[in-house]
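Visitor: Following this message is one structure expressed as structure tokens.
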Amino acid sequence: MLRAAALEAIYPELEPHVVVTIMGAVAAELYTLGHRPNFFYLEHAMGLASSMGLGIALSMPGQKVIVLDGDGSLLMNLGTLSTMARYRPGNLLHIVFDNESLLSVGGFPTATSTGTDLAGIARASGIPVVKEAHTPESLKSAVSEALADNTLTTVISKVEAVGPKTFHMDLPLLENRFQFKRALEAMRRASTERGR
Amino acid sequence: MPVSIANSRLIYDALKACDVKIISALPETWLVHLIRMAEEDPDMTLVRLAKEEEGIGISAGAHLAGVNSALLMQNHGFFAAINPIVSLALLYKIPLLMLISYRGHMGEKDPWQTQGGLMTEPLLRALNIPTWHLTNPADVQRRIKDAQTLAHASLHPVAVLLSRELMWED
Chain B
129 MLRAAALEAI YPELEPHVVV TIMGAVAAEL YTLGHRPNFF YLEHAMGLAS
179 SMGLGIALSM PGQKVIVLDG DGSLLMNLGT LSTMARYRPG NLLHIVFDNE
229 SLLSVGGFPT ATSTGTDLAG IARASGIPVV KEAHTPESLK SAVSEALADN
279 TLTTVISKVE AVGPKTFHMD LPLLENRFQF KRALEAMRRA STERGR
Chain D
499 MPVSIANSRL IYDALKACDV KIISALPETW LVHLIRMAEE DPDMTLVRLA
549 KEEEGIGISA GAHLAGVNSA LLMQNHGFFA AINPIVSLAL LYKIPLLMLI
599 SYRGHMGEKD PWQTQGGLMT EPLLRALNIP TWHLTNPADV QRRIKDAQTL
649 AHASLHPVAV LLSRELMWED
């Protein structure tokens, strides 16, 4: 499947929640579908989107946090799976788009193209629910279930190594950073008020 | 193991006085009591890491979510985290309160720590990270608070170097 189609299928699920994406194609495609102040695009620090998601999930237990990761990024920080599994915040959903390629830097094949199994690694790391979803429909239902279950879930989605024509986003990264922090503050305030 | 429990307690209490709610850590000898104190504190979330890089992401996430955090690491762990310090914390103006055990400095007996001891301050300077040395128990609370205050005002990482004099009782 195309990652853009996958993102389009799950966009309604992403929209109300805290979303952290990796750089490059994923960020640009999500941005093109419609930016929200609660979306953060980590434009560097490859591998750390999931660690940021974990930090947010532990800080805001009442808020769903969705990380959009990639095979190249996850392979750079496999330890994140063991750390997430250790603390297993139920409000964290980790989606990995596996295009078997470092697409954004020229398409070099990653180790998933030669047999490395990220779902297997996630399971063996102790992530409580690991799913594989290779169609937009199955991804959408995996995402809905994970959000309803309140159990830490990693979903691996094989996608084609095709990206957008341009990675340009009309959003300077510091603007994204400050806007995102304010959005999270507002979410925290709203959930405190709901709790009263 | 002659790691100072009293001074570890002073440091831990200083972090509590800074309203730190999340501590990420990778164990190292000098940090054992601090990590244990965090683990035994029901109001503290301790995140035991596989690698220090992750801690930069966790602290960045915590900051954006409005929660104060601190990182406990050895100086070699600081080296391991340099890329995300640059490409996340500095790039995105994220405050970090890094408590770094300063191995390989004066009095170090372990030969394998010595190269890292030589590189610690030059690398902190190269990254333009303001640094406090903690050697005197009387300074602990004030310096940790001041380090956090500067980190938040400047939206920039700060380092507190935990010295042998403070941490180790020979």
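Residue numbers (our numbering), protein chains in the order written: chain B, 129 to 324; chain D, 499 to 668. All C-beta atoms in this analysis are idealised placements derived from N, C-alpha and C, irrespective of residue type, glycine included. Source: prediction; values computed, not measured.
Please report whether the beta-carbon of E526 (chain D) lies at a distance below 9 Å from any beta-carbon of chain B.
Guide: No - not a single Cβ of chain B is within 9 Å of the one on E526 (chain D).
Visitor: Helix, strand or coil for F225 (chain B)? Go by DSSP, reduced to three states.
Guide: Three-state DSSP puts F225 (chain B) in a strand.
Visitor: Let's test the definition: count the other Cβ atoms within 10 Å of the Cβ of G181 (chain B) and tell me whether it reaches 16, buried, or not, exposed.
Guide: Buried, by the Cβ-count rule.
Visitor: Where do the ends of the alpha helix (DSSP H) carrying I255 (chain B) lie?
Guide: Careful: I255 (chain B) lies outside any alpha helix (DSSP H) and carries neither H nor E.
Visitor: Where do the ends of the beta strand (DSSP E) carrying G198 (chain B) lie?
Guide: Its beta strand (DSSP E) spans residues V193 to G198.
Visitor: Taking only three categories from DSSP, how would you classify P264 (chain B)?
Guide: Of the three classes helix, strand and coil, the one that applies to P264 (chain B) here is helix, per DSSP.
Visitor: Against K192 (chain B), what residues of chain D qualify as contacts under a CB-to-CB distance less than 8 Å, listed in chain order?
Guide: Going along chain D, no residue has its Cβ under 8 Å from K192 (chain B), so there is no contact; the nearest lies around 13 Å.
Visitor: Count the CB pairs spanning the region 251-260 of chain B and the region 185-198 of chain B that are closer than 8 Å, and state whether there are at least three.
Guide: Touching, no, given that fewer than three Cβ pairs across the two stretches are closer than 8 Å.
Visitor: Is the beta carbon of L266 (chain B) less than 9 Å from the beta carbon of A563 (chain D)?
Guide: For clarity, residue 266 (chain B) is Ser in the given sequence; the question names Leu instead. Not in contact: S266 (chain B) and A563 (chain D) (Cβ atoms no closer than 9 Å).
Visitor: From B:A132, B:R164, B:Y139 and B:L142, pick the residue whose C-alpha is nearest to that of A153 (chain B); which is it?
Guide: Of the listed residues, the one whose Cα sits closest to A153 (chain B) is B:A132.
Visitor: Identify, in the order they occur along the chain, each residue of the same chain with its Cβ nearer than 6 Å to the Cβ of V147 (chain B), setting aside the five sequence neighbours on each side.
Guide: F167 and I194, listed in sequence order.
Visitor: When DSSP builds the beta bridges, which residues end up paired with L546 (chain D)?
Guide: Correcting the residue identity first, residue 546 (chain D) is Arg in this sequence and not Leu. DSSP, once it has assigned bridges, lists D:A523 as partnering R546 (chain D).
Visitor: Pull out every residue of the region 549-574 of chain D whose Cβ sits closer than 9 Å to any Cβ of chain B, in chain order.
Guide: Correct list: K549, E551, E552, G553, I554, G555, I556, S557, A558, G559, A560, H561, L562, A563, G564, V565 and S567.
Visitor: For the region 582-598 of chain D, enumerate the residues whose C-beta is nearer than 7 Å to any C-beta of chain B, in chain order.
Guide: Under the 7 Å Cβ criterion, the region 582-598 of chain D contributes P582, S585, L586, L589, Y590 and K591.
Visitor: From the DSSP output, in three-state form, read off T279 (chain B) for me.
Guide: Looking at T279 (chain B) - three-state DSSP - the assignment turns out to be coil, as it is neither helix nor strand.
Visitor: Is the separation between the beta-carbon of N219 (chain B) and that of L176 (chain B) shorter than 9 Å?
Guide: Cβ atoms of N219 (chain B) and L176 (chain B): not closer than 9 Å.
Visitor: Classify M604 (chain D) as buried or exposed, calling it buried when 16 or more other Cβ atoms lie within 10 Å of its own Cβ.
Guide: Exposed.
Visitor: Taking L280 (chain B) as the reference, which of B:S232, B:T149 and B:T211 has the closest Cα?
Guide: Of the candidates B:S232, B:T149 and B:T211, the one whose C-alpha sits nearest the C-alpha of L280 (chain B) is B:T211.
Visitor: Is A657 (chain D) helix, strand or coil by DSSP?
Guide: It is a strand residue.
Visitor: Is it the case that the region 137-146 of chain B contacts the region 283-300 of chain B, given that we only count it when at least three CB pairs across the two stretches are under 8 Å?
Guide: With a cut-off of 8 Å, the region 137-146 of chain B and the region 283-300 of chain B do not count as touching, because too few Cβ pairs lie within range.
Visitor: Can you find at least 3 beta carbon pairs, one from the region 642-658 of chain D and one from the region 616-629 of chain D, that sit closer than 8 Å?
Guide: Yes: at least three Cβ pairs fall under 8 Å.
Visitor: Comparing the C-beta of Y159 (chain B) with each C-beta of chain D, is any distance below 9 Å?
Guide: With 9 Å as the cut-off, Y159 (chain B) does not count as an interface residue toward chain D.
Visitor: Based on Cα-Cα distance, which residue from D:H574, D:E552 and D:N634 lies nearest to W610 (chain D)?
Guide: Closest by alpha carbon: D:H574.
Visitor: Distance, Cα to Cα, P500 (chain D) vs F225 (chain B)?
Guide: Roughly 48 Å separates the two Cα atoms.
Visitor: At which residues does the alpha helix (DSSP H) containing K307 (chain B) begin and terminate?
Guide: Correcting the residue identity first, residue 307 (chain B) is Gln in this sequence and not Lys. Run containing Q307 (chain B): L301 to G323, per the alpha helix (DSSP H) assignment.
Visitor: Does the beta carbon of L547 (chain D) sit closer than 9 Å to a beta carbon anywhere in chain B?
Guide: By this cut-off, L547 (chain D) is an interface position.
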